[in-house]
């Protein structure tokens, strides 16, 4: 949905988003009320006329003053003879109120308030001799047709409403709603008219819902993942239970969704049926709408299924279902290229969607006997929820055209970037010392000054300051990123330090032919020199380095012979030759003396963290073992499996496709091998002389990974929001918002909470809200707020450079654009680094007072029953801490009422925890500092030294003082505004403050639409202005001066005018070509 469209829509009928009942108010005040995407009531008019019915005054033609708040739009019209205030309130139902006050006029005789009702929606109504007052009431009007079953509650109106049939009136040819108040030329007229609009799906005879549920094979709900039973896609609570069975309207047509749906075979679910039973039709039909979706992706344009339409003359028609065009993966809910996104909602894990594809029958004169769905057994699992046919010749030409328009009307138009401005973000130097953008004051001297990093009481400390906690804010330099040319390295390090960074992860440094491993298996001297120089420059600027190890490497070079493939990271967990090769690389690199520091890496306290393997575990389910392990490694693992079964006294059986989904035995076998590998490698690294903390892997694929890592020094995990499907061509991406998702989801936060073992620090070594998602300005505030609340220890953004630029820093010189992952120059994410780094590292956001203990017995570990994955809202209600023990206690949250999930589980949790400030739409942390309001689509962070708000900022207008000092009044539909004290004083007393106001950002030449990324672009980078004002409540508002800052250097480029009064200062934002402002007391 475009930003403009989201601003105009003020009401929705269905749970989730289904293009249900909505009211739109345009910038000029125009009113439209729709249902299922069809405009049903379109335009209103107030007209004062003389005795000959000639117009004297028409207030609604004046330009209105429009005020928008959450769920409400008020338009005030002033005219020579009076005033009309129209208020539209979202529902259900949508309620429209007209407050009319007209002055006396001696010529005035006739007054009418009308609402136009396009005839196509109700043309099936019988024509009567009456044109006026076909229905007239002070209480209720009701009528039905193609547009649905409508009931209008008109109680509370000053005069009765009428429904007029003007189809036979030459000048009208339509329907209308009308009131005709008695106007007195000597007194005028004053009154209030009200309508509450309620709609239900059409039951017009033209529509023929098909009996999909009668032949369905699976339900919308699944209880246990991978058990071969239950419903949906056999993924447990990751299902579609939040979609209510029943009759719904999508894009102008009704659909009957039953308790059973059709779910067919795909390579991820080979046991599912290949085809459905036939679905009876028995009628001549003009078109059929298929309400369907898919699980797992396929190549764009690939046919994943087909509908076989059989006619009574024994001929057939084939309707292909093409991935990316007619349907997409239900995870992500992205508009397909030809079909439509009919419904979307949050299922507790992510945003999910159902799609609509329309087939127009080429032979409507034939009777259709039945329809059958068939899988083509691709990677994607096809799913049919419902289908509706339109009977041939049952609609007028105008009605058919209307259905076509509703189906074709897409709101996802290309972004208008006319008012956007260039917004370069520094990648080397650029930021001037001492400016408000210089956050390097957080770094104290060269890295390592305070000794080696250690773990104490579950957090990081330095050996020379063992009682003082340290947190890390950083980024990743991946692929060629650890090897910047020497002339750039000092400037890169300085820029990162000034952006608040005190840690850089050096990642994937041995995977390319021209990176760290030379053809002879030694370290390439040029690349080693560049890496060690970069490490030294980072160290000078107070930035610690984080060293990966087995994140992929050129094993053939290390072992001195050609191997089947270089993609042997998984095999390197158990194959002796590959383990020794990994140790060889570690020995060469970590014991090499850096000429620029005079220390071996393992002896350098500036190297703060080590990691054994990246995103790799035998418990993982990313593809099958056969696809990830070529011979002879697959056979080696199979032998180990058979030996393990024998030791356990279990019958021999084939090695499963994926150990994670095999059940307790497979998961335990995988975890035991994982644990043995990690502990062997940790002992080796310590034996080399590594003195810093070491972790195992960095994704908790199953609970067995927690057990396998319980002897590591710290825990680690990765997660991404709106990660594009990088294998699709063109790439596809999700354009959904974490702030806009349901109360039971917390974006990526649960992914890290599941890794919090008691007594272990937590590091998020990769995370991102990915470009080109239009709402990613929410990402850094969201992650910062909840990570601080959880008291996690390091947040490393992915990334400064890596992935789609291969980590080549030099590309920023002439191609500084934002790329997927490589978002160093992205105003909407990394542009918030200083604000969030200060808030996080300084500890501005309070840690949870409440601890939620999750205690897994080994039975739950091997069953892989994750409480955090099921109750994803838990990290918003308290600090989650996991313990492993012999038995699972019979207490909440380990045990909860059977079948309780989603909103019911959340409401139960806040009751159990005594979270009195939480409601069904508001999640307030027990510190009172973080408020997530899903009714208003807002996240508010309110602390003494840092305040931030992200999401639907116009909704702040009706919330009062939700933040103590910062008071944005913003028109931009989705944005982030935040402020942090630069002198450490509370904001109300601070003499110097950095304020950031950012919305969307793109490269000027980015080409993306409808969830497809055709060209990331090269730059320049453009930022959407955040338009409005900022109020600043302080002890002495008259003393402050506001400066707009150059986004690259931080220099003051303009003084912003201010208005002072009532204990606050107010100033405009959005017109200065920047996202940064400095508030200074002078």
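Numbering (the numbering used here), first residue to last: 685 to 1766. Ideal Cβ positions, reconstructed from N, Cα and C, are used throughout, including at glycine.
message: Closest to residue 1745 by C-alpha separation, out of 1469, 1739 and 1720, would be which residue?
response: Counted from its first residue, the chain shown places residue 1745 at position 1061. Of the candidates 1469, 1739 and 1720, the one whose C-alpha sits nearest the C-alpha of residue 1745 is 1720.
- request: Determine, using beta carbons only, whether residue 839 and residue 862 come nearer to each other than 8 Å.
  value: Reading the chain shown from its first residue, position 155 is the one you call residue 839. Reading the chain shown from its first residue, position 178 is the one you call residue 862. Contact annotation: residue 839 and residue 862 have beta-carbon atoms that are not nearer than 8 Å.
query: So the alpha helix (DSSP H) residue 1520 belongs to, where does it begin and stop?
result: What you label residue 1520 is simply residue 836 of the chain shown in a count that begins at 1. Counting along the chain, the unbroken alpha helix (DSSP H) around residue 1520 starts and ends at 1517-1525.
task: May I have the straight-line CA-CA distance separating residue 674 from residue 877, to the nearest angstrom?
output: A query on residue 674 cannot be resolved here, the shown segment of the chain reaching from 685 to 1766 and no further.
message: Just to confirm my understanding: we take residue 1222, look at its own chain, exclude 5 residues before and 5 after, and list those with CB closer than 8 Å. What are they?
response: Mapped onto the chain shown, residue 1222 falls at position 538. Result list for residue 1222: 1131, 1177, 1180, 1188, 1228, 1229 and 1290, in chain order.
- request: Could you tell me which uninterrupted alpha helix (DSSP H) segments, each at least 4 residues in length, are contained entirely in the region 877-935, listed from first to last along the chain?
  value: With a minimum length of 4 residues, the unbroken runs of alpha helix (DSSP H) contained wholly in the region 877-935 fall at 896-899.
query: For the putative contact between residue 882 and residue 835, defined by C-beta atoms under 8 Å, what is the C-beta separation to the nearest angstrom?
result: Translated into the one-based positions of the chain shown, residue 882 becomes position 198. Translated into the one-based positions of the chain shown, residue 835 becomes position 151. About 5 Å separates the two Cβ atoms, so the contact holds.
- prompt: Taking the continuous beta strand (DSSP E) assigned at residue 1567, which residues delimit it?
  reply: Numbered from its first residue, the chain shown carries residue 1567 at position 883. For residue 1567, the uninterrupted beta strand (DSSP E) segment begins and ends at 1563-1569.
- prompt: Given residue 688, which residues of its chain have a CB within under 7 Å of its CB, disregarding the five upstream and five downstream residues?
  reply: The sequence position of residue 688 within the chain shown is 4, counting from 1. Reliability fails at residue 688, whose pLDDT of 30 lies under 50, so the model's placement of it is uncertain and no value is given.
field: Local conformation of residue 966 per DSSP, three classes
entry: The residue you call residue 966 lines up with position 282 of the chain shown. Strand at residue 966.
- prompt: CB residue 939 to CB residue 1024, shorter than 8 Å?
  reply: Here the question's residue 939 lines up with position 255 in the chain shown. Here the question's residue 1024 lines up with position 340 in the chain shown. It is not a contact, given that the beta carbons lie outside the stated cut-off.
message: Using a Cβ-Cβ cutoff of less than 6 Å, which residues in the same chain neighbour residue 1041 once the five nearest sequence positions on both sides are dropped?
response: Mapped onto the chain shown, residue 1041 falls at position 357. Answer for residue 1041: 974, 1010 and 1023, listed in chain order.
Same chain, Cβ closer than 6 Å to residue 841, five either side skipped, listed in chain order: Position 157 of the chain shown, counting from 1, holds the residue named residue 841. Around residue 841, the same chain offers 877 and 878 as residues with beta carbons nearer than 6 Å, after the five sequence neighbours per side are excluded.
message: For residue 1123 and residue 1629, I'd like the C-alpha separation in whole angstroms.
response: Taking the first residue of the chain shown as position 1, residue 1123 is located at position 439. Taking the first residue of the chain shown as position 1, residue 1629 is located at position 945. So the alpha carbons of these two residues sit roughly 15 Å apart.
Environment of residue 996 [buried if 16+ CB atoms lie within 10 Å]: In the chain shown, counting from the first residue as 1, residue 996 sits at position 312. With fewer than 16 neighbouring CB atoms inside 10 Å of its own CB, residue 996 falls in the exposed class.
message: Do residue 914 and residue 980 count as a contact pair if the criterion is CB distance below 8 Å?
response: Sequence index remark: in the chain shown, residue 980 carries index 296 (1-based). Sequence index remark: in the chain shown, residue 914 carries index 230 (1-based). Against a cut-off of 8 Å, the Cβ pair of residue 914 and residue 980 comes out as no contact.
task: Could you tell me the boundaries of the beta strand (DSSP E) in which residue 1726 lies?
output: Position 1042 of the chain shown, counting from 1, holds the residue named residue 1726. Unbroken beta strand (DSSP E) run through residue 1726: 1724-1729.
- prompt: Can you pull the DSSP bridge partners for residue 1716?
  reply: Taking the chain shown and counting its residues from 1, the one referred to as residue 1716 is at position 1032. According to DSSP, which records beta bridges pairwise, residue 1716 is partnered with 1650 and 1749.
message: Going by DSSP in three states, residue 762 sits in which element: helix, strand or coil?
response: One-based indexing of the chain shown puts residue 762 at position 78. Three-state result, residue 762: strand.
query: Taking the alpha carbon of residue 745 as the point to measure from, which residue in 760, 735 and 705 has its own alpha carbon closest?
result: For the purposes of this step, residue 745 is identified with residue 61 of the chain shown, where counting begins at 1. The shortest C-alpha separation from residue 745 is found at 760.
- prompt: What residue does the beta strand (DSSP E) around residue 995 start on, and which one ends it?
  reply: Counting from 1 along the chain shown, the entry for residue 995 is found at position 311. Counting along the chain, the unbroken beta strand (DSSP E) around residue 995 starts and ends at 987-995.
message: Whole angstroms are fine: how far does the CA of residue 1547 sit from the CA of residue 1353?
response: In the chain shown, counting from the first residue as 1, residue 1353 sits at position 669. In the chain shown, counting from the first residue as 1, residue 1547 sits at position 863. Straight-line measurement puts the Cα of residue 1547 at about 13 Å from the Cα of residue 1353.
query: What number of angstroms, rounded off, separates the C-alpha of residue 904 from the C-alpha of residue 1047?
result: Your numbering for residue 904 matches position 220 in the chain shown. Your numbering for residue 1047 matches position 363 in the chain shown. Spanning the two alpha carbons is a distance of roughly 34 Å.
- prompt: What separation, rounded to the nearest whole angstrom, lies between the Cα atoms of residue 1201 and residue 1160?
  reply: Against the chain shown, residue 1201 aligns to sequence position 517. Against the chain shown, residue 1160 aligns to sequence position 476. Separation of residue 1201 and residue 1160 (C-alpha to C-alpha, rounded to the nearest whole angstrom) is 20 Å.
- prompt: Around the Cβ of residue 1332, are there at least 16 other Cβ atoms within 10 angstroms (buried) or fewer (exposed)?
  reply: Here residue 1332 refers to the residue found at position 648 of the chain shown. It is exposed - the Cβ of residue 1332 has fewer than 16 other Cβ atoms within 10 Å.
- request: Return yes when the Cβ of residue 947 is within less than 8 Å of the Cβ of residue 901, no when it is not.
  value: Stepping through the chain shown from its first residue, residue 901 is reached at position 217. Stepping through the chain shown from its first residue, residue 947 is reached at position 263. Taking 8 Å as the Cβ cut-off, residue 901 and residue 947 qualify as a contacting pair.
message: By the three-class DSSP mapping on this structure, what secondary structure does residue 1560 have?
response: Position 876 of the chain shown, counted from the first residue, corresponds to residue 1560. Under the three-state reduction of DSSP output, residue 1560 falls in the helix class.
- request: Can you have a look at residue 1730 and say buried or exposed, based on whether 16 or more other CB atoms are within 10 angstroms of its CB?
  value: As a first step, residue 1730 must be located in the chain shown, where it is residue number 1046. By the 10 Å Cβ count, residue 1730 comes out buried.
task: Give me whichever residues DSSP pairs with residue 1278 in a beta bridge.
output: Here residue 1278 is taken as the residue at index 594 of the chain shown, counted from 1. Paired residue(s): 1283.
- prompt: Between residue 1748 and residue 1715, which are expected to be in contact by the criterion C-beta below 8 Å, what is the C-beta distance as a whole number of angstroms?
  reply: Along the chain shown, one-based indexing puts residue 1748 at 1064. Along the chain shown, one-based indexing puts residue 1715 at 1031. Contact between residue 1748 and residue 1715 holds: CB atoms are separated by about 5 Å, below the 8 Å threshold.
task: Verify whether the separation of the beta carbon atoms of residue 1491 and residue 1165 is less than 8 Å.
output: For the purposes of this step, residue 1491 is taken as the residue at position 807 of the chain shown. For the purposes of this step, residue 1165 is taken as the residue at position 481 of the chain shown. Taking 8 Å as the Cβ cut-off, residue 1491 and residue 1165 qualify as a contacting pair.
- prompt: Which residues in the same chain have their Cβ closer than 8 Å to the Cβ of residue 1140, if we skip the five residues on either side of it in sequence?
  reply: Counted from its first residue, the chain shown places residue 1140 at position 456. Close CB contacts of residue 1140 within its chain, under the 8 Å cut and outside five residues either way in sequence, are with 1150 (chain order).
- prompt: Counting pairs of beta carbons, one from the region 1190-1197 and one from the region 1230-1245, are three or more of them closer than 8 Å?
  reply: Below 8 Å, enough C-beta pairs join the region 1190-1197 and the region 1230-1245 to call them touching: three or more.
task: May I have the straight-line CA-CA distance separating residue 1772 from residue 1465, to the nearest angstrom?
output: Because the chain in this structure spans residues 685 to 1766, residue 1772 falls outside the shown range and cannot be described.
message: Tell me which residue opens and which closes the beta strand (DSSP E) that residue 1028 is part of.
response: Numbered from its first residue, the chain shown carries residue 1028 at position 344. For residue 1028, the enclosing beta strand (DSSP E) has its first and last residue at 1024-1030.
message: I'd like to know whether the C-beta atoms of residue 1562 and residue 1539 end up nearer to each other than 8 Å.
response: The count along the chain shown starts at 1 and reaches residue 1562 at position 878. The count along the chain shown starts at 1 and reaches residue 1539 at position 855. In this structure, the beta-carbon distance from residue 1562 to residue 1539 does not fall below 8 Å.
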